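A.B. asks: Residue numbers (this note's numbering): 8 to 215. Don't be surprised by glycine CBs; every beta carbon is placed ideally from N, CA and C. Owing to the predicted nature of the structure, the values given are computational and were not obtained by experimental measurement. Quick one: structure below, then a few questions.
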Amino acid sequence: MAKTSENYTELLNSAIINDDLKTVKDMHKQGFDFNQPDARDNYPIGVAVAHRKIDAVVFIKSISNININAQSGVYKTPPVLEALQVRDIDIFKMLLDDENVDISQPNILGSSILDQDIIIEMIKNRNLKEFYFAALPKITNVLKDVTGKGANIISLLIHFNRVDYINETLKHFIPQKRDIKTLECNCTNDRLETIISIGEQKQDKVKK
Numbered sequence: 008m009a010k011t012s013e014n015y016t017e018l019l020n021s022a023i024i025n026d027d028l029k030t031v032k033d034m035h036k037q038g039f040d041f042n043q044p045d046a047r048d049n050y051p052i053g054v055a056v057a058h059r060k061i062d063a064v065v066f067i068k069s070i071s072n073i074n075i076n077a078q079s080g081v082y083k084t085p086p087v088l089e090a091l092q093v094r095d096i097d098i099f100k101m102l103l104d105d106e107n108v109d110i111s112q113p114n115i116l117g118s119s120i121l122d123q124d125i126i127i128e129m130i131k132n133r134n135l136k137e138f139y140f141a142a143l144p145k146i147t148n149v150l151k152d153v154t155g156k157g158a159n160i161i162s163l164l165i166h167f168n169r170v171d172y173i174n175e176t177l178k179h180f181i182p183q184k185r186d187i188k189t190l191e192c193n194c195t196n197d198r199l200e201t202i203i204s205i206g207e208q209k210q211d212k213v214k215k
């Protein structure tokens, strides 16, 4: 039977923060419940992500019954969203690659990786370029209408002058004819031929 107590979880979370992986592993061997939050509603997986402790994240993820989507803290933030917020690309990619991670899981404010504000922020902020590219395979279902008002991903990339993001985006998005025309009007000549060619090829595959 798993041992559960807020006090025990406080000790566990403290060990995570202090890079004491031996204690973390020992507590698991002793049967402590890693799905138990502390008094501030912080789960061990959330603490590990928030403090960018990748070794602890790897270990906690390996626990068979772990709730990888446990929402921590005041804002009930799921780990994958926390990884984006603390700007840890390695943990972010690791969580995205985990089939048990639910990227649609929101925080208390309703924000998730699929949220339009989050996607737009990844586009606008060049420091989040790697995060946007990493998330692309997982957010394909919302790329046709990111804003909910008909603005697809191509139009947003052009609007925010992120033409250099388009090639990677086209690996996960089939553009419409209007997108090709928009690209023709907005892309610089040195990038135009390749980008439009990729877009047209993807359209032809759909027709076939």
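1) D171: which of M101, L103, Q43 and F140 sits nearest, CA to CA?
2) Among residues of its own chain, excluding the 5 on either side of V149, which ones have a beta-carbon nearer than 8 Å to its beta-carbon?
3) Run through DSSP, which three-state label would S79 get?
4) Does the beta-carbon distance from R169 to I130 come in below 8 Å?
5) Is the CB-CB distance between H58 and I98 below 8 Å?
6) Within its chain, find whatever has a CB closer than 7 Å to the CB of Y15; leave out the 5 residues flanking it on each side and keep chain order.
7) Once DSSP output is grouped into helix, strand and coil, what is the label at T84?
8) State yes or no: is the C-beta of L135 within less than 8 Å of the C-beta of N114?
9) Give the secondary structure of F39 by DSSP, where H, G and I count as helix, E and B as strand, and everything else as coil.
10) Leaving out five residues before and five after V74 in sequence, what residues of the same chain have Cβ atoms less than 7 Å from its Cβ?
11) Which whole-angstrom value describes the C-beta separation of L164 and V153, a residue pair presumed to lie in contact below a C-beta threshold of 8 Å?
12) With DSSP collapsed to three states, give me the class of S162.
13) Sorted by chain position, which residues of the same chain lie with C-beta nearer than 6 Å to M34's C-beta, five sequence neighbours on each side aside?
C.D. replies: Once the coordinates are examined:
1) Comparing Cα positions, the closest option is F140.
2) The residues are L121, Q123 and I126.
3) Per DSSP, reduced to three states, the secondary structure at S79 is strand.
4) Taking 8 Å as the cut-off, the Cβ atoms of R169 and I130 count as close.
5) The Cβ atoms of H58 and I98 do not sit closer than 8 Å to each other.
6) Listed in chain order, the non-local C-beta contacts of Y15 below 7 Å within the same chain comprise F39, local neighbours out to five positions each way being set aside.
7) Here T84 sits in strand by DSSP.
8) Contact flag unset, no.
9) Of the three classes helix, strand and coil, the one that applies to F39 here is strand, per DSSP.
10) In the sequence as presented, Val is not what sits at residue 74; that position holds Asn. Taken in chain order, the residues that qualify are N42.
11) Contact flag wrong, Cβ pair sits at about 10 Å.
12) Three-state DSSP puts S162 in a helix.
13) L19.
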